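Peer 1: Quick one: this structure, given as structure tokens, is what I'll be asking you about.
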Amino acid sequence: MKTVKKFALVLSGCGVYDGAEIHEATLSMLAIDKAKCTYQCFAPDMEQYHVINHLNGEAMNEKRNVLVESARIARGNIKPLSQYKAHDFDGIIFPGGFGAAKNLSNLAFKGADCSIIEEVEQAIMSTYLAGKPIGALCIAPAIMAKVFQGASVTIGNDLSTIETIEKMGSIHEQKSYGEVAIDKQYKLVTTPCYMLKSSISQIEAGATRVVQSMLELM
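Per the working numbering, residue 18 is the first one in the sequence shown, and the count goes up by one each step.
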């Protein structure tokens, strides 16, 4: 009997400018479900860096929690990232959105000198050490470039982010809509998504390709 594969999905809030990119997160869930697999959402239980009004792009004078905001996307079915155990899952996926660069790390502010929050780095490293694949969409591949210095990743064709990845000591592969870069050493699958000027159907293609490629690596 075929075992159903189970993915972990790490969210960073709710909304492209200060959290997880909602289309990338939701379409990753859809791709997992269409592949007849299951998923569990996780997010760090912490205050997010700031709150952005997504109507006008301005910062708001309020505080929000990354786990609580991520629960909006997960329809409440979410756990603190501290509870993630690599042995319970077959792979882990990180959607993009500025939350990856502001909440899961300080990449948006420190560039190549950024640091990754401890829970995120532990989740990534424990998955790698367990020999299980890792997926990353949009800006999230830059986090992987920091954790796995020397890894091959893609964020599309954004020159400043490519320069940051290369300064970290990693390798950038230029990919287009729906394409993935696969680093077999780290079992790392990355795709540009909204780092390119994409349509929602192109985001679906990228998310689907990530899930399919991860299944092939399992």
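In this text, a Cβ means the ideal position worked out from N, Cα and C, and glycines have one as well. None of these values were measured; they are calculated from a predicted model.
1) The beta strand (DSSP E) spanning residue 27 covers which residue range?
2) When DSSP labels each residue in this structure, what does residue 139 get in the three-state scheme?
3) In the DSSP assignment, the alpha helix (DSSP H) including residue 165 goes from what residue to what residue?
4) By Cβ distance below 8 Å, which residues in the same chain neighbour residue 183 in space, the five residues on each side in sequence not counted?
5) Output the boundary residues of the alpha helix (DSSP H) element that contains residue 33.
6) Rounded to whole angstroms, what's the CA-CA distance from residue 108 to residue 151? Just pull it up for me.
7) Please return the same chain residues whose Cβ sits closer than 8 Å to the Cβ of residue 63, not counting the five positions on each side in sequence.
8) Under a three-way DSSP split, which group does residue 41 fall into?
9) Taking residue 218 as the reference, which of 124, 195, 34, 177 has the closest Cα?
10) Return the CA-CA distance between residue 202 and residue 147, expressed in angstroms with no decimal places.
11) DSSP three-state label for residue 50, please.
12) So, using beta-carbon positions, are residue 22 and residue 235 closer together than 9 Å?
13) Bridge partners of residue 96, per DSSP?
14) Measuring straight from C-alpha to C-alpha, what distance separates residue 61 and residue 26?
15) Is residue 125 helix, strand or coil when you go by DSSP?
16) Name, in chain order, the residues that DSSP records as bridge partners for residue 189.
Peer 2: Walking through what the data contain:
1) 23-27
2) helix
3) That residue, residue 165, is in no alpha helix (DSSP H); it is neither H nor E in DSSP.
4) 189
5) That residue, residue 33, is in no alpha helix (DSSP H); it is neither H nor E in DSSP.
6) 6 Å
7) 82, 83, 84, 120, 134
8) helix
9) 195
10) 13 Å
11) helix
12) yes
13) 59
14) 12 Å
15) helix
16) 170
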